[in-house]
Structure formats: C-alpha cells, structure tokens
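Undergrad: The listed protein sequences correspond, in order, to chains C and H. The opening residue of the first sequence carries number 10 in my numbering; numbering runs sequentially from there. The opening residue of the second sequence carries number 53 in my numbering; numbering runs sequentially from there. Heads up, the beta-carbon is just placed ideally off N, CA and C, and yes, glycines get one too. Dumping the structure here so I can ask a few things about it.
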Amino acid sequence: MKNIPHTMLVLGSGGLRIGQAGEFDYSGSQALKALREEGVRTVLVNPNIATVQTDESMADVLYLEPLTVDRVTAIIQKENPDGLLLGFGGQTALNLGLALEEQGILTKHGITVYGTPIATIRITEDRDLFKQSLHEIGIHSPKSKAAKSVEEALRAASEIGFPVMMRSGFALGGQGSGVYATPELLKSAAAESLNAAPQILIEECLAGWKEIEYEVVRDYTGNTITVCNMENMDPLGIHTGESIVVAPSQTLNNREYHQLREIACRVADHVGIVGECNIQYALHPHTGEYRVIEMNARLSRSSALASKATGYPLAFIATKLALHKRLDELENKITKITSAFFEPALDYVVVKIPRWDTEKLRIASRTIGTEMKSVGEVMAIGRSFPEAIQKAARMVKSGSSDLASPPLPIEGSEEEIAHPTDYRLYCLYHYFQNGGTVERAYEVTKIDQWFLHEIEQIVAFEKIIQKKIGDAGVLAQAKRFGFSDKRIAQIWGKKEENIRTMRKKANIVPFVKQIDTLAGEFPASTNYLYLTYHADRHDLPAANQDAIVVLGSGPYAIGSSVEFDWCAVNTVRTLRQQNHYSILVNSNPETVSTDYDESDRLYFEELTEERVRDILDFEQPHGVILSVGGQVANNLALPLFKEQYPILGTSPLLIDQAEDRGKFSKLLKSLGIDQPRWVNASTPDNAFAFARKVGYPVLIRPSYVLSGAAMNVVYNEMELMPYLEEAQRQAGSHSVVVSEFISGAKELEIDGVARNGTIIAQAMTEHIEQAGVHSGDATIVLPPQNVYLATIKRAKEIASAIVSALHVSGPFNIQFIARENKLQVIECNVRASRSFPFVSKVANVNLIAIATHILTGREISDGSFETLELPYVGVKAPQFSYRRLKGADPVGTVEMASTGEVACIGENLEEAFIRAWHAAENTIKRKAIFVSVGGMYAKAKLLEPLRALEHHGWEIYATEGTHAYLTARGVGCYFAYKPQDALTPSLPVLLSEGTIGLVITIPDGIGHDHTTNGFLMRRLAVDHGVPLITNLQVARLLLQCITQLDGHTIPVVSWQEYTLRR
Amino acid sequence: MVGKQSGQKKNRIHKKQSLSQKKNPLSDFFFYSNADLRDDAAYPFHPAEIVLEDNTAFHGVLSSWASDPVRGEIVFTTGMTGYVQTLTDPSYTGQCIVFTYPLIGNYGVPKKSDWESKKIHVQAVIVSSACIQYSHQDSITSLIEWLRGNSIPLFLCADTRALTQYIRMKGSPLGVIRHKGQGDRSLIEFYDPNKENLLQKVSLKKPQIIGNGKKTVVVVDCGVKENSIRELLSRDLRLIRVPYDYDYTKEEANGVFLSNGPGDPALAVRSVEILKKFMQQRKPIFGICLGSQLLALAASASTYKLPFGHRGQNQPCIETATQRLTVTSQNHGYAIDETTLPSQWSVSFRNLNDKSVEGIAHNSLPFFAVQFHPEACPGPTDTRYLFDRFVDLL
C-alpha cells in the first residue's frame, strides 16, 4: 500500500435528509482540501449539486451521479482510482464502500481504502462483532440476550434485571419494541412479538442514563487523542440528534471524564481506527457505571459539532491521517506553532439545539425519542450555560427571543415536561416559572439536576428583571444570563430600541473572544470568534475599513438548506479573490461557511437583529451582504437599513416592495404584468368575499416567509378561517394575501443577477410538476425543454421590467406560471434563491460570483452568460425524508416538505431525470408497478405510458377504478385492493411480499386527498422503501424514461466533461 | 461595576451565614461575575481587583470570607475538569490559580478520600463563575461552601481569559487580590512563594509506613499527591513515606520514588544532597514533576523557570525512544535545562509544544523521571504505565 494514492475516489452523501445533513459537505470539503494539499488527484461522486464540495475548485473530477454500486463501479472503470475514502460521506458512503468491497470491486480494480480499514468498519457496524470486540478488552456494552421463546425471554430478563428493553428484530419501524418493568408485562409482549418474529432481543434498559460522546483521533502508528467530549442534556432514550448537547461535558467529574476518555482511546486502538471516530456511552447517574453503546468509524454529525465547538478541523486532520501522516507532523492550524497532537481546552461552553420542522412536515406527534426527526441544528457559544442556551434558543427559531418565548402556546405543566417533545426546553422554563421544582423536574425528565438548576436560575433572574425596571446593574446581569434586548423590553414594557440605547449608554456591550483551541495558553491569530457578556475586553480590534460582512443562513430547515450555505461560501470566496476582507456570521455547525479558513473572520453567532448590530457596531464594515443567506438574512434588510447600516445591493425599501405581497401585487399591476387575482386578507370578510368571487380553491400566502410556511391551498369555506389564522401568525406584522389558485399551469422560474436594475445574467428553469407543488419540492429542468420560445421571451421581458422597477442590484429570483402561453408572475425574491447553485453549476455560470462583483461595485466582463443553449440538460429532484418521519403524509403540496435535493446532468431530459430520480434514493427493485389513479384526466394521461410499460415486460397492479379503466382499454393488469378493504391481494400484502417495485398513486384533485386509503397507500410505500410517485407529470416522465431507456446503458460523464462541451 | 453597594462596603468583614437559612435567589447570581452584590446573600461578594506587579489590575468580585489582601504567584490551568484534584495538589502552594474553563464547581466536592491531599493548597481561586447548585452522586458539598469552610478566597474575575492572556504574555506574575478601595496600588507588597522553602509546608513531618507489599519503596514526600501513593500501593509495594529532608539512604528499600511538590527546585538543597548519596546505591529511582527536577539537580544539571509554566491536562509529549505521543497532565513552573544535562543522561520525554524537557533517564542506571503527572488526577491516564516500568525495575 502506498502512503499516498495517485487518484483518490471520494464518496459524498447525496441529498440532505434527516439524519444526514450538511455536515457531510463540511467533512467532504475538508477532505478534498487536505487531499489537494498533498497533491492527490481527486474524483468526487456526489449528486448534491447545492454543496460546496461539488464546486469546480474542490475536486479534480466531479460526478453528479447516484451513489449506487452500479454507477460508482462504472466511474471506477473509467477513472481508475487507486484509493478510496469512505468516511466523509456519512452512512451512505460507508454502506456503499462496504457493498463495493463485498462485491469484489475494490480488489478487482486494485483500490485501497484509506483511513480506517474495511475490516474495522465491519466490526463497528455489526452489533455482535462490536460487542465481542469490546468484550475482548474487558469493556462493558449493554447486556443483551436473544430469546426464541417466552420462557427464554423471561430467563434473560431476570438475569439482566428489570426493567428490560425488548426489541423485535424483524418488525418494521421498531414496532413491538418497548421497555417492560415486570415479568407479567414482558410475558404478554414477548408472546405477541414471537408470534410475528422467530426471535426477540432482551436488553438492559438504559433509559435515564446520561449519554456521553467522545470524538477520537488516531494516527496509523497508534497515537491517539480525544478532541472533545460532549454531554447530552437529554438522557438516554432520546436520539443524540434530537438531544440538546453541551461541550465539554458539564456534570462529569475527573474520574468519569478520564475513565471514559481512556476507554475511548483503548477501543479506537483495539479496533484499529485510522483517522476519526465517535464513541457513545451510557453513564449511570448514580452508580457511575458505564456502557459503550456504539462507535461510528467515520465523520459524523457529532464530529462536525465537535470540530466547530473546539476549532479542531477533524475532517481535515482525519484525511491527512488516512494518508499516513502522524499527528505530530500536522500543524495546529489555529496556533500555527503547535501540532495537531493535543486535546483542545475550551474556555467557553457550547450548546447545540436541534432544529425541528414538525409544523411544516405535518407530523401528528411532536414527541421526540429514539428516532431522529430534526432537520438541522444550531450551536451557541457562551461563557456561562444560561448565556449559551438562550443564544441557542434564539438561533434555532428566528423570531423566538429567548426560552421564555415558546414556539406554540404551552402551559408549563408537569405533564408537558414528562413527555419529551421538540419544545420541551420551553416547557421546562415555563414549568419553573409556574413554581415547579428542580427535584420534581428531575424525577419526571431524568435530565441532570445541574442543567435544571441552570434553567431554573434563568427563570429566577427573570423575576428580578421584572422587579427592577430600568436598573442598569440588572440589565448587565440579564445580558450575562443571555436575555435579549427584545425580551427585557417586553418585561419592562419598553421598546427593544430603548433597551439597546440604554445598554450602549451604560457601556453594556458584548465582547469579542477568539476560539483558539488552547484557552489562551498560546498566542493565536485565529479569526474564529464569538461574543460574550462574561468579559470586559475584546480579544482583538475591529477589522479594517474595507471589510464586508456576509450573513449566513442559520440552521438547516425545510426550505433553507445547504444551497444557502453554498451561496454564502461562494460570496466569501469571491470577496477574498477581490482582496476584500470578509466577515461571515452564521450559527449552523453543519456548514462549510463556518469553517474558519473560509472567511477572514468568522463569527459563530446569532442572526438576530440585536446580535448582527452588535457585530456591525464593533466592526464598522464597509458593507453588509444580506442577499445570499436566504430568508433569515433577508428579513434583516429593512430593520438594518432603518438604522443606517451600509447594506450592499438592492435597496431594502425596494426589497420590501417585493417581499410584501400586497405591495408587490400593486407593483405588478402598475407594470401591466399579469398575476393571479388576489386580495389583502386584512379582515376575514375580505377573504371570504374574495374566495366566493373567484371560486375555490384559493391560495393563502403570508409575506416574508420562506418555503411557503403557512402557505396553503384552501378548498372550501370551512377550511378558510383556520388557515388564515395560521398564516397571520406566521406573517406577524406583515400582510397575508389570498389569491386565486391556477390549476393545470406550468411553472417557470428565472434566477438572475442584476446591476442597477439591468439584468446581467439569468437562467430560466422549468418545473416538471404543474403549479401547486412548492418550488422546493418540484423537479426542475435547465434549460427548459417544453416551453415555447415566445413564452421564454415574454418571461425575460417581464423579468426585465420587474428588475428595473425594483432597481435590483444583486441576486433575484422570479416565479411564473404559464397556462396556454399566458404568463403570470406569482413571486419575486430579491435575494439568492434555492436554485442558485443548481443553475450556476449546470450552466457553469456562477451567479453568486457575478452578484458579489456587482455588490462590491467591481467590473464584470460584460458579454453574455449563456444559460439557455446548453448541449445537455440538468434536472434537480427533491430529496424527501418521509422514511424517517413516521406518520407524515408523503404527498406534495404548496408547502415545502423536502429536506434536500440532488441534481444530475444528462444528454437529454430522460437521461438527466432518471439519474436525478435514482440519486434521490429511488431504486426500483422489481419490474412491477402498483397504480391507483384518481380522476379520468389523470387516468387518460397515464394510459399510454402504462401500455408501453406492459410491453416492456412490467407487471401492473391496479386498484378498482384504475384496473377497470386499464383493462377496458386493453392494458393487462392485476387487480389489487386498497389497504382499508382488508382483502387480498391488497397493497400491504403485495408490498410486504416484495412484489411491488414502484408505487404510483395520483390523488383525485390537486394535493387534496386526505382519505385514509390514499394516506395508507403512500405511507406503506415509503415504509417499505418502495419508490412512490404522487404527481401526474412526474409519473408520466418517469414511465417514459423507464420505457425509453430500457436496455440502454447510461454512460458516466463527469461535470467537467459536460461543461467543456460548451 | 454595577453593584449598588460598590464603594460602600470597603474593608468590611461580613459574618458568615448559615446555608440552612432560606436561600435568597439573588445569591446564585453572584456567580456570574460582576454580579449585583447584596449583603444578605448566602455568599456575599464584593467588588475587588487583582493587582499585578506592573500595577495592571483585573476586576471582579471577592468572597467576603477573605477580608485581607491575598498574595501569591498568579498561574492558570486549562483543565476543564478535576478542580478538586487541582486545588488539593500541594504543588500549588503559594499560588493563586486561574481556571480558564469558565464553569467551575458543577459536580461539587467529594469526601476527603477522593482528594489529592488533606487540604486545599492554593492561596486563592480565580474563576469566571462558580456553581453552587452542583449535581453529582459522589459529592457532599459545593465548591463554594468548601472554599468558604476552608477560608480559601474566591475571586470571580470579570474576564479570566484576558487575565490568562496577560499571564501568557508577561509570564506568571506576583499578584495581590483585594477588595476595592484598599489603598494605593503602588504601595502593595507582593509575596513570591518561589523564594521560600515551601517543602516544609507540605511535606509530612515523620516517616510513615504504608502497605505491606513484597518490595519496599521510599516515597520522598515533597507534597506528594495521593494518587501517586494509590498507584504505587496497587502494585504490591510497601511504602516508606519520608519527609523531604529525611535521609533515607540507610533504609532497606528496593527503590526511591521522588514526588511532585511546589516551588523552586533549586531551594531543595537538602533533598538533592540525600538523593545524590542514594544514587550511589544504583537502585531504581523514579521521579515525578519536582522529583524529576531534583533528579536532574542531583545529576548536576540545572533548572530554570518557565515563563508561565505548564498547567493543564492536554500537554502533548513525545517519548524520544519510541517516538510515541502521549497526552499528559502537567503542573510545573520550572523545567530542566537540557544543555546542562550530563552525557550519561538522556531526554526521555519532550514537550511537543515548546520542546522543553519532560523526562530524563540515565543511560545505564535505573534512574528516570518525568516532569508531567503519570498519576493523573486530574487528567488523562495515558502514562500510568510508567509506574509499571518503575516497579518492574525494582
């Protein structure tokens, strides 16, 4: 084995989904940087076009291809790599690597896995092997025993001791699993489970134990360090991705801390980690006993957090270690005078809070537990726990001012804290406000009393704030407790601005501190910063005058994903190329933008008006860029403008013209641009009268929100009122409009960049789905394939008129609907949109770089940026996480539900689409389709595609109406019952037997199918991992692809090869 | 400064209040430095400052149980856990210790048998905030109550990071912690513990036999940490624990263990003399921290004061013979001058950060010592194997 390969194949993680988000963009990007530094040629496979790692500057060769054995094998044959890195693309990359090895592909092509060897990965991935391995060196893992009968189960349970956890190995979705406290309870549960499965597992119940993690780094010669430990505030029983996590651990004493540290090092050494791994423990809160729960022999969400929490670039170092570097040969990038062999000492505390989007995903239950539901996270840094946790609470929900402001009405009852939900932190706060005690809270939550005391102290201090109105001393202390100006203003019955003025006058300001990995022990010229009130001086002076501040996008959420991080990173990179001093602000640890080597200064901070102003007041920058961080940053435009901060680009007054739906509609009217009829829903009567006039369905849209939060199609008078209320809640002080809903229309978008009201570059895209599916969930094509030239021309004219009227300087996005060649404008965003990375990379015209040039007043080589005449087609497909979200209805609506996206390029639409569809984790395992189509129109539209499918040897199963329709027209198909019919053959049975390879259910009407059968059919398909299509246009295109590409091998073509054709 | 009483409460000694009284919720907030200070709190604090030799001052609040100015050498430790072990480590005698980690006291204080010696040795404790509402099954009291009970001043510094940076840049200074308004800064008298024989303060007075293992080791107690004793005892030894100036050369022993301890090693003249004499017996010698410096001095090398010492649990070292890297726990202000090391001796461990000597060994005789703390407590346990190495030599 060579120390350094010639060509390294790096596997990415694909579309963002729950459990696997942007943290792998961070790890993959660092890996590529490290490989480049070592002169290794890199080949990256990742269909996630919105990532930084898929930028031209990152890998030598990029394949936007599905992460499947077939595709990667074809790439291997073509690129001939001699090395493979599989620890940087999450579980997807790891599993794919294992599959490649199992199938002998690595051996056949002489590929060496760098970093932790495959054999080690196998041990850490296999529960039994891992337990065995731990046992060899006398390390404890949870006691467990398999049982094949009720008697065996009871015997096992009495050996292990009640309560026990019973797991049914073969049940879907953890059904039948549970904690049982007595033999009687276990007996009946075990009997029931053993009816369905031949074997059950009786395990030691660790619920309520502390959950602790260590991040371990080990080089090939065996030198080992732990970079960070982390403590979950929520005890075991809540997935670590759902837990509030602190770093370093807060409640572990020296013995516990170092005992677990020593075990972490021993296990890493014993199994043979080379690079980075994560080890998770359960620690008994009273006896101090421990159990090793699991080990991840790869970069993970936790390692991304640890990396950002400590300033130790774990992924970068892990890559170097994979190339047989020793830890002492590598530099501590922050001090530059010490080596990478050290354990960071923190002089601050870090709090991570997950970001859930339960409202948007319409999940019945907001309970959190052993399954991950959160879609992102934030990290707050402070010098006390109250300061850090209140910061985190503001970061996670922009708009929430502190722990005192819950995301929904709560009572603060014991009942609320006893059952963990995504808002339990707020419930705890209110529980203490209502006089709840720490002791009682501990009994029902098992959260360590230290955390509870800290929260209780915040509550207690709030009472003091209430008593001492206007007291400067209390104000100073309140800031150390993490209270926002907004909250203090609320308590004191003043305006937020009054508090700020008072604060500034009394010189109560936060101080800038560095994250230097060594707690000040060594001089560090680090640019990695945060603000705290537990200080009395700044670590460094303000940056120079030409600094430009770029606001990032905050936590990943539905609708605000890695694409905005890509925008922020590309803005900062362009600024640096221009020799501007760049300052980035962001709060999301799963990002590349928060890698401290991306900007000249990084503030790991809140994106709230108060904190952004604190930073701007300190730095006094030349300008601020708000238009690349999505809606969170954009929403600060007007407030910051009013306070006369130097905002670069389009005037915030004009941004308001576009964001405020009422104002925007008026503007369109004045420009003579068509739009769906609308009314300002200032009163419900208005809305009702309007709806009656234009007829249902109507669309409700609040202003200033992203990704269609509270945007809804309302089908009847009865539903109108509740939806209006919800929309008004989301819009706050902004307006809500009701507009007519245009069905059967095509949706088009223009992403572009303008200078002083003139468009400099633009790219038009076309949606496959008809209007009614949120643009974030739509399948998008560049360049448009089915749009008349006249329509394109007209769209461009409209765009020019709007851009000119709004005097846009910088990025913008306009959305149109087209029906019968008539164009109407539905939305305009005067900021970078979610599709910027997609159009930039497919057309190889970096819109963000152009926008940055404009924002900083630089010249751009004029000339045309061609985005229409491309010798290939790009397709972007949504990535859903329904499999993780039990109970959520997997059907597309006007409100966005996808958690990520993928995009692929092909010779034509079909090739590009099928690649993208596969890349979004859709695999057809069997040539058998289940169809249930509502309405004659849809049935007719699918008739010929299904006939073609039959000719290509597919089995077709159809429900009653569809079956009758198809057979009457000569398409051979099997009859299948709907789930509620409880007769066979029905979909549940067909799915569980593995008969079905693809499910198409088209609801009757647009997105308006709440019938139990419809929901069950969709849910069953998702739960069985069978691809599901619910949209007619997508269904047609997919069937067309299947028949057209049957027997046709799609070649592997790199992004570089495609774009070189131009 | 925000306290309504600031400036009014100069020099006042406050009576201690019983913990059993109903807790005033305000008291807790004192532990986020620069608190609003109230007289009726369970633990009253008052505006105070640390004044350093060059008259630089750092602000904060000082516990009321320290009425007189506190003097000592100001040092910092970067360890994030293990404050109980740190505070009971006799090597900190004469020093005021700054914890760079801002949340200290979270898990309280356990019973005495878990300490590293019988008492707290530091002159004063300097933290950003100290926790009262601790939580841990092993603990019996809070850090703050423990400090008060032992009359150890607690200074809540407004900016411990700034103070740490000062120490790093200027070297460990002498300093005085005092309540605000205690006279002119230029008239302050400083106390330099390194000019004093601190060993007599921390060493035991009379020899003592511990354990009944097969082999016998003399433990020269210069302020030995209990975990060194625990480590040795767990290896089937009989220990003769002797005062720092006790002549053990006549004792029937298989080897000598030289403990850690405070202060300037060059002042330990008597200890070095005895050690020189014992070295002629060519029996195994193992030194830790001050013990390594004594061994170097006995070998005719010299020691020097590091600018601000090494104090923390994350100090990287390399074992020169094996090139193996280890993370070590350290607490020392002095180091061995490599250039003065005789040719029969080698540097066995080196600090990766500043390349200073972290261990020496004789090339042919069974003498070796390390500057760091293989007994850990606090800190990582990676080098515990050195105890095995010593016992194997016996």
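So, is the C-beta of Pro430 (chain H) closer than 8 Å to a C-beta in chain C?
TA: On the second sequence, position 378 is the one that residue 430 (chain H) refers to. Yes, Pro430 (chain H) counts as interfacial toward chain C.
Undergrad: Please list, in chain order, the chain H residues whose beta carbon lies closer than 7 Å to that of Trp218 (chain C).
TA: Residue mapping note: residue 218 (chain C) aligns to position 209 of the first sequence, counting from 1. Residues of chain H passing the Cβ test: none, with the nearest at roughly 13 Å.
Undergrad: Name the DSSP bridge partner or partners of Glu758 (chain C)?
TA: Residue 758 (chain C) sits at position 749 when you count from the first residue of the first sequence. DSSP, once it has assigned bridges, lists C:Thr774 and C:Gln824 as partnering Glu758 (chain C).
Undergrad: Report the three-state DSSP secondary structure of Met132 (chain H) (helix, strand or coil).
TA: Here residue 132 (chain H) is taken as the residue at index 80 of the second sequence, counted from 1. Met132 (chain H): coil per DSSP, three-state reduction.
Undergrad: With a floor of 3 residues, list each beta strand (DSSP E) that falls wholly inside the stretch 111-184 of chain H, ordered by position along the chain.
TA: Here the runs fully enclosed are 122-129, 147-151 and 176-179.
Undergrad: Using C-beta distances below 6 Å, list every residue in its chain close to Asp337 (chain C), excluding the 5 sequence neighbours before and after it, in chain order.
TA: As a first step, residue 337 (chain C) must be located in the first sequence, where it is residue number 328. If we look at Asp337 (chain C) and ignore the five residues flanking it on each side, its Cβ neighbours are Ser348 and Phe350.
Undergrad: Let me confirm a value: Pro359 (chain H) is counted as buried when at least 16 other C-beta atoms fall within 10 Å, else exposed. Which label applies?
TA: Locating residue 359 (chain H) in the second sequence gives position 307, counting from the first residue. So Pro359 (chain H) counts as exposed.
Undergrad: For Asp1055 (chain C), which residues from the same chain have a beta carbon less than 7 Å from its beta carbon, with the 5 sequence-adjacent residues on both sides left out?
TA: Position 1046 of the first sequence, counted from the first residue, corresponds to residue 1055 (chain C). Excluding sequence neighbours, Asp1055 (chain C) sits near His961.
Undergrad: Check whether the Cβ of Ala389 (chain C) lies closer than 8 Å to any Cβ atom in chain H.
TA: The residue labelled residue 389 (chain C) in the question sits at position 380 within the first sequence. So, not an interface residue.
Undergrad: Looking at chain H, is there any beta carbon in it that lies within less than 8 Å of the beta carbon of Ala501 (chain C)?
TA: Start at 1 with the first residue of the first sequence, and residue 501 (chain C) comes out as number 492. The sequence shown places Trp at residue 501 (chain C), not Ala. Taking Cβ atoms only, chain H never reaches closer than 8 Å to Trp501 (chain C), which makes this a no.
Undergrad: If we call anything under 8 Å between Cβ atoms a contact, is Pro846 (chain C) one with Val637 (chain C)?
TA: Position 837 of the first sequence, counted from the start, is the residue given in the question as residue 846 (chain C). Position 628 of the first sequence, counted from the start, is the residue given in the question as residue 637 (chain C). Going by C-beta atoms, Pro846 (chain C) is not nearer than 8 Å to Val637 (chain C).
Undergrad: Output yes if chain H places a C-beta closer than 8 Å to the C-beta of Glu352 (chain C); else output no.
TA: Residue numbering aside, residue 352 (chain C) sits at position 343 when the first sequence is read from its first letter. For Glu352 (chain C), the answer is yes, since a Cβ of chain H falls inside 8 Å of its Cβ.
Undergrad: According to DSSP, what are the bridge partners of His414 (chain H)?
TA: Within the second sequence, residue 414 (chain H) is the residue found at index 362, counting from 1. Note: His414 (chain H) sits in a beta bridge opposite H:Trp397.
Undergrad: Quick check: the stretch 194-213 of chain H against the stretch 145-157 of chain H, are there 3 or more CB pairs under 8 Å?
TA: Yes, the stretch 194-213 of chain H touches the stretch 145-157 of chain H.
Undergrad: Go ahead and pull the three-state DSSP assignment for Trp1064 (chain C).
TA: Taking the first sequence and counting its residues from 1, one reaches residue 1064 (chain C) at position 1055. Reduced to three states, the DSSP call for Trp1064 (chain C) is helix.
Undergrad: For chain C, is any of its Cβ atoms less than 8 Å away from the one on Ala154 (chain H)?
TA: On the second sequence, residue 154 (chain H) is found 102 positions in, with the first residue counted as 1. In the sequence under discussion, the amino acid at residue 154 (chain H) is Pro, which differs from the Ala named in the question. Cβ-Cβ to chain C under 8 Å: yes for Pro154 (chain H).
Undergrad: With distance defined between alpha-carbon atoms, name the residue in H:Leu226, H:Lys222 and H:Leu139 nearest to Val122 (chain H).
TA: Here residue 122 (chain H) corresponds to residue number 70 of the second sequence, with the count starting at 1. Minimum Cα distance to Val122 (chain H) is reached at H:Leu226.
Undergrad: Which value, in whole angstroms, describes the spacing of the CA atoms of Phe33 (chain C) and Val387 (chain C)?
TA: One-based indexing of the first sequence puts residue 33 (chain C) at position 24. One-based indexing of the first sequence puts residue 387 (chain C) at position 378. Approximately 16 Å between the Cα atoms of the pair.
Undergrad: Any beta carbon from chain C within less than 8 Å of Asn383 (chain H)'s own beta carbon?
TA: Counting from one through the second sequence, the residue named residue 383 (chain H) turns up at place 331. Answer no: the Cβ-Cβ gap between Asn383 (chain H) and chain C never drops below 8 Å.
Undergrad: Grab the span of the beta strand (DSSP E) containing Pro711 (chain C) for me, first residue to last.
TA: Indexing the first sequence from 1 puts residue 711 (chain C) at position 702. Per DSSP, Pro711 (chain C) belongs to the beta strand (DSSP E) from Val707 to Pro711.
Undergrad: So that I know if they touch, is there some Cβ in chain C lying closer than 8 Å to that of Pro394 (chain H)?
TA: The count along the second sequence starts at 1 and reaches residue 394 (chain H) at position 342. By this cut-off, Pro394 (chain H) is not an interface position.
Undergrad: List the endpoints of the continuous beta strand (DSSP E) containing Pro731 (chain C).
TA: Locating residue 731 (chain C) in the first sequence gives position 722, counting from the first residue. It is not in any beta strand (DSSP E) - Pro731 (chain C) instead sits in the alpha helix (DSSP H) that spans Glu726 to Ala740.
Undergrad: Could you check the C-alpha separation between Ile272 (chain C) and Thr260 (chain C) for me, to the nearest Å?
TA: Position 263 of the first sequence holds residue 272 (chain C). Position 251 of the first sequence holds residue 260 (chain C). For Ile272 (chain C) and Thr260 (chain C), the distance between alpha carbons rounds to 18 Å.
Undergrad: Applying the 10 Å Cβ sphere with the 16-neighbour rule, what's the burial state of Arg512 (chain C)?
TA: The residue labelled residue 512 (chain C) in the question sits at position 503 within the first sequence. With 16 or more other Cβ atoms within 10 Å, it is buried.
Undergrad: Within its chain, find whatever has a CB closer than 8 Å to the CB of His543 (chain C); leave out the 5 residues flanking it on each side and keep chain order.
TA: Within the first sequence, numbered from 1, the residue matching residue 543 (chain C) stands at position 534. Result list for His543 (chain C): Gly391, Arg392, Ser393, Glu396 and Arg489, in chain order.
Undergrad: Note down, in chain order, each residue of its chain lying with its Cβ closer than 6 Å to the Cβ of Tyr229 (chain C), except the 5 sequence neighbours on either side.
TA: Locating residue 229 (chain C) in the first sequence gives position 220, where the first residue counts as 1. Correct list, in chain order: Val283 and His333.
Undergrad: For my contact list, Val70 (chain C) and Leu93 (chain C) are in at a C-beta cut-off of 8 Å; report their separation, rounded to the angstrom.
TA: Against the first sequence, residue 70 (chain C) aligns to sequence position 61. Against the first sequence, residue 93 (chain C) aligns to sequence position 84. Val70 (chain C) to Leu93 (chain C), Cβ: 14 Å. No contact.
Undergrad: Looking at Ile326 (chain H): is its Cβ nearer than 8 Å to the Cβ of Thr355 (chain H)?
TA: As a first step, residue 326 (chain H) must be located in the second sequence, where it is residue number 274. As a first step, residue 355 (chain H) must be located in the second sequence, where it is residue number 303. Not a contact, by the Cβ cut-off of 8 Å.
Undergrad: Going by CA-CA distance only, name the one from C:Leu138, C:Val188, C:Ile211 and C:Gly147 that's closest to Glu1086 (chain C).
TA: What is shown of chain C runs 10 to 1071, which leaves residue 1086 (chain C) out entirely.
Undergrad: Three or more beta-carbon pairs under 8 Å between the stretch 396-416 of chain H and the stretch 361-373 of chain H, yes or no?
TA: Touching, yes, given that three or more Cβ pairs across the two stretches are closer than 8 Å.
Undergrad: Could you please give the first and the last residue of the uninterrupted beta strand (DSSP E) stretch that includes Thr378 (chain H)?
TA: Taking the second sequence and counting its residues from 1, the one referred to as residue 378 (chain H) is at position 326. That run of the beta strand (DSSP E) goes Arg376 to Ile388.
Undergrad: Three-state secondary structure (DSSP) at His972 (chain C)?
TA: Start at 1 with the first residue of the first sequence, and residue 972 (chain C) comes out as number 963. His972 (chain C): helix per DSSP, three-state reduction.
Undergrad: In chain order, what residues of the same chain have a beta carbon less than 7 Å from the beta carbon of Tyr84 (chain H), not counting five sequence neighbours either side?
TA: Here the question's residue 84 (chain H) lines up with position 32 in the second sequence. Note that Tyr84 (chain H) scores 44 on pLDDT, short of 50, meaning its location in the model is unreliable and no value can be drawn from it.
Undergrad: Under 8 Å, Cβ to Cβ, is there at least one residue of chain H near Ser348 (chain C)?
TA: In the first sequence, counting from the first residue as 1, residue 348 (chain C) sits at position 339. Yes, Ser348 (chain C) counts as interfacial toward chain H.
Undergrad: So, is the C-beta of Tyr144 (chain H) closer than 8 Å to a C-beta in chain C?
TA: Translated into positions along the second sequence, residue 144 (chain H) becomes position 92. Tyr144 (chain H) does not count as touching chain C.
Undergrad: Given a cut-off of 8 Å, decide if Pro519 (chain C) and Thr541 (chain C) are closer than it, judged by their beta-carbon atoms.
TA: Position 532 of the first sequence, counting from 1, holds the residue named residue 541 (chain C). Position 510 of the first sequence, counting from 1, holds the residue named residue 519 (chain C). In this structure, Pro519 (chain C) lies closer than 8 Å to Thr541 (chain C) by Cβ.
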